[in-house]
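Quick notes on the structure that follows.
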Amino acid sequence: MINKRLIGAVKESKKYIAGNVICQWVSLAANIAMMGAIAHLLQNLYVGNQDGFGITAVIAAIALVIRFVCATASSRMGYLSSKAVKKTLREIIYRKLLRLGASYKEQANTSEVVQVAVEGVDQLETYFGAYLPQFFYAMLAPLTLFVVLSFVNFPSAIVLLVCVPLIPVTIVAVQRWAKKLLAKYWGQYTALGDTFLENLQGLTTTKIYQADEFKHQEMNEQSEHFRRITMKVLTMQLNSITIMDLIAYGGAALGVILATTQFKAGHVDLAGCLMIILLAADFFLPMRMLGSFFHIAMNGMAASDKIFRLLDLPEPEQKTAVVPEDCSIECNNLRFSYEADREILHDVDMAFPKGSFTAIVGESGCGKSTMASILMGRNKDYSGELTVGGTPLSEISEASLMENFTYISHQSYLFKGNVRENLLMARPNAGEDTLWQVLEQVNLADFLRSEKGLDTILNEKGSNLSGGQCQRLALARALLHDSPVYIFDEATSNIDVESENDIMAQIHALAKSKTVILISHRLANVVGADNIYVLDHSTVVENGTHSELLARNGTYAKLWNAQQELEHYTSNDVIPSEARSAKSRDLGIDSTAYANKVRRSFDSLRSLRMTASEELNGGAQA
Ligand SMILES: Nc1ncnc2c1ncn2[C@@H]1O[C@H](COP(=O)(O)OP(=O)(O)O)[C@@H](O)[C@H]1O
Ligand SMILES: [Mg+2]
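Numbering of the sequence shown is given in the working numbering, commencing with residue 433 and proceeding in unit increments.
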């Protein structure tokens, strides 16, 4: 139960642990002195001598003051070492995560990391603050008492000393059982945490599908498992505490019996006998206390295993190369899979010359976003060749990659706070004028002026803005970043047509000066690209400009014609919904999103028509 690695990780705690042990030991010495004085006073009183009162009172007073000071100092040391542990371990975990970088999710899941760093570290507070000092003190205290009492009456002292190890023996016996139980307990705990976090994040979706009852049941079941395991842990702890109590107080009683028989036999005087009786319990109490800290410490050990598992994750080696001036990207025979037996990208060859405007299209699930993730350094386990300006992407430092590549997805994250804060994270020193300029570019300036300008409050994930507005703001932030390479991954999916048009216009403008990679399922958006890669069945099946691809009459042309056909239907009623979704499935379109988009356009047309006819009618009546 002495984890050298853990203690080594928090070196600062050693001095506090030593200080804590010394304080407790001095306090014990003061207690022995006080009990000795009281025992002698009682003996004197027994023989009718009342002299010793004054001196005993002085000794007792000094001993009490010493004990008070020591108790305060020892709890202060406990606090200081807990503080050092929390600060140091959280910092170590944080630094580890930084070193793991953007791809940490390949190896650990977020909620586990959060739990280990918060709850797990809290558990270790007791290990360092209470258990470790108690561990050393519980060895030292019986030995000290033994040395003192062996001068009073050796047989009693030796019996008391021999009984003390019975407590750690029980602890060890319980340990095996406890370890398994606690590992299970922690497993259940993180699983429950995972589910809770996920359900909280997906609450809106759960409500929409009225699946809350189902999720509720699911969580109830998991909490019930957790409750059971918690009860088992508590039972184990209480049982072992009862056993330890029996040993501790039984041992002390044995000492008392022995002392009185020794007194009766005349081997020890009254003062000695009283001193043994008064100090017998102190032999066992430190060990008994260690026993009760033991369970919390075990919990800490289970947590520390989790912490070390995280700390031991292999790190990507620190890379030093930077994105070269010529940031042309090229990949040859690129292969990637998430799971061993399912290849997502197979022998993919693509080139994104500096300053070019390239599109990647293909059915939903064909690996477009995976390609973007690889380019952004989030998926590292690929094979084949992938270079930026001739330098392998795998050798480029994450910092340089993030500085030079900007990724905008359909769910770019907007932080709680205000518009200004969200924009400044892309360029911290940007002035007001610059901020307004990008907001003008994305057509968001007028709206924000009607609100509180740059101080307009944003809720978490920008939930108080419309989808289109969020995406415009995300684009404004990306424009501020001003990096040489931009990757847009379905940046306009699921938003209103007007926002989509505005954003596409900005992307086209950006493509004049930057390297732009545009991933889109809507082919109308990629018509202007210099080169279009068509992904199908994990690989590139064709590439070229829009007109070249149409002339080839291959996969792209088929997709294009089908999408055109679909976009030219004028009413919802023309295609029955089953047929529409079957069709859109063939085309690789998210049918629900698409149907919603089409419906929204029709709805706005319909309401326009109604307003117009109302106005006409009104005008006629007037
Ligand atoms: N994190 C992941 N783990 C396992 N499989 C994944 C993961 N992300 C995506 N996939 C799978 O990889 C395939 C390609 O996904 P993706 O690149 O997102 O497609 P899309 O072309 O629609 O962007 C899909 O079949 C998907 O199921
Ligand atoms: Mg995708």
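For every residue, glycine included, the Cβ atom is placed at its ideal position computed from N, Cα and C.
When DSSP builds the beta bridges, which residues end up paired with residue i?
i: residue 771; result: 774
i: residue 782; result: 763
i: residue 918; result: 838 and 948
i: residue 597; result: For residue 597, which the question treats as bridged, DSSP gives no partner whatsoever.
i: residue 824; result: 819
i: residue 890; result: 849
i: residue 789; result: 948
i: residue 753; result: 828
i: residue 794; result: 967
Taking the alpha carbon of residue i as the point to measure from, which residue in the options has its own alpha carbon closest?
i: residue 529; options: 518, 466, 778 and 542; result: 542
i: residue 783; options: 939, 821 and 494; result: 821
i: residue 959; options: 663, 937, 484 and 436; result: 937
i: residue 923; options: 899, 673, 669 and 946; result: 899
i: residue 975; options: 811, 463, 702 and 791; result: 791
i: residue 774; options: 799, 441 and 753; result: 799
i: residue 563; options: 574, 848, 513 and 646; result: 513
i: residue 651; options: 665, 673, 626 and 636; result: 626
i: residue 659; options: 619, 683, 640 and 634; result: 619
i: residue 489; options: 579, 581 and 474; result: 474
i: residue 447; options: 516, 472, 468 and 978; result: 516
i: residue 872; options: 691, 495 and 934; result: 934
i: residue 666; options: 726, 921, 687 and 463; result: 726
i: residue 569; options: 717, 664 and 738; result: 717
i: residue 952; options: 972, 801, 855 and 553; result: 801
i: residue 909; options: 621, 867, 693 and 980; result: 867
i: residue 903; options: 857, 845 and 955; result: 845
i: residue 927; options: 901, 457, 828 and 732; result: 901
i: residue 575; options: 457, 494 and 676; result: 457
i: residue 892; options: 702, 633 and 472; result: 633
i: residue 597; options: 679, 454 and 558; result: 679
i: residue 710; options: 767, 722 and 681; result: 681
i: residue 874; options: 437, 856, 906 and 850; result: 906
i: residue 415; options: 768, 740 and 992; result: This structure cannot settle anything about residue 415, because the visible part of the chain is limited to 433 through 1054.
i: residue 661; options: 636, 612, 747 and 676; result: 612
i: residue 556; options: 445, 997, 649 and 755; result: 445
i: residue 856; options: 886, 615 and 483; result: 886
i: residue 964; options: 833, 950 and 971; result: 950
i: residue 763; options: 757, 803 and 734; result: 803
i: residue 815; options: 842, 840, 769 and 897; result: 769
i: residue 438; options: 653, 472, 735 and 728; result: 735
i: residue 686; options: 795, 588 and 532; result: 588
i: residue 449; options: 581, 537, 506 and 881; result: 506
i: residue 454; options: 478, 502, 486 and 847; result: 502
i: residue 602; options: 656, 745, 668 and 999; result: 668
i: residue 760; options: 728, 747 and 837; result: 837
Ignore the nearest five residues each way along the sequence and tell me which others in residue i's own chain have a CB closer than 7 Å to its CB.
i: residue 742; result: 525, 528, 540, 545 and 548
i: residue 584; result: 700, 704, 707 and 708
i: residue 724; result: 673
i: residue 604; result: none
i: residue 989; result: 981 and 982
i: residue 932; result: 924
i: residue 849; result: 890
Which residues in the same chain have their Cβ closer than 8 Å to the Cβ of residue i, if we skip the five residues on either side of it in sequence?
i: residue 942; result: 911, 918 and 948
i: residue 826; result: 751, 812 and 818
i: residue 441; result: 520, 521 and 524
i: residue 946; result: 787, 915, 916, 917 and 918
i: residue 443; result: none
Using a Cβ-Cβ cut-off of 6 Å (strictly less than) and excluding sequence neighbours within five positions of residue i, which residues of its own chain qualify?
i: residue 644; result: 638
i: residue 962; result: 788 and 789
i: residue 695; result: 705
i: residue 986; result: 974
Three-pair Cβ contact test at 8 Å for the region 854-863 versus the region 803-816:
no
Suppose only complete runs of 4+ residues qualify. What are the alpha helix (DSSP H) ranges in the region 939-988, listed by chain order?
978-984
Give the list of continuous alpha helix (DSSP H) stretches no shorter than 4 residues that lie fully inside the region 630-718.
DSSP runs (the alpha helix (DSSP H)) wholly in the region 630-718: 635-640 and 644-696.
Assess, as a yes-or-no matter, whether the region 550-569 is touched by the region 495-514 under the definition of 3 or more beta carbon pairs within less than 8 Å.
yes
Examine the Cβ distances between the region 686-694 and the region 587-600 and report whether three or more of them are shorter than 8 Å.
yes
Report yes or no: do three or more beta-carbon pairs, one from the region 972-988 and one from the region 828-841, lie closer than 8 Å?
no
Do the region 458-469 and the region 491-499 meet, that is, are 3 or more Cβ pairs less than 8 Å apart?
yes
Taking 5 Å as the limit, name every residue whose beta carbon sits nearer than that to some heavy atom of ligand 3, in sequence order.
With respect to ligand 3, the structure offers nothing, as its ligand set consists of ligand 1 and ligand 2.
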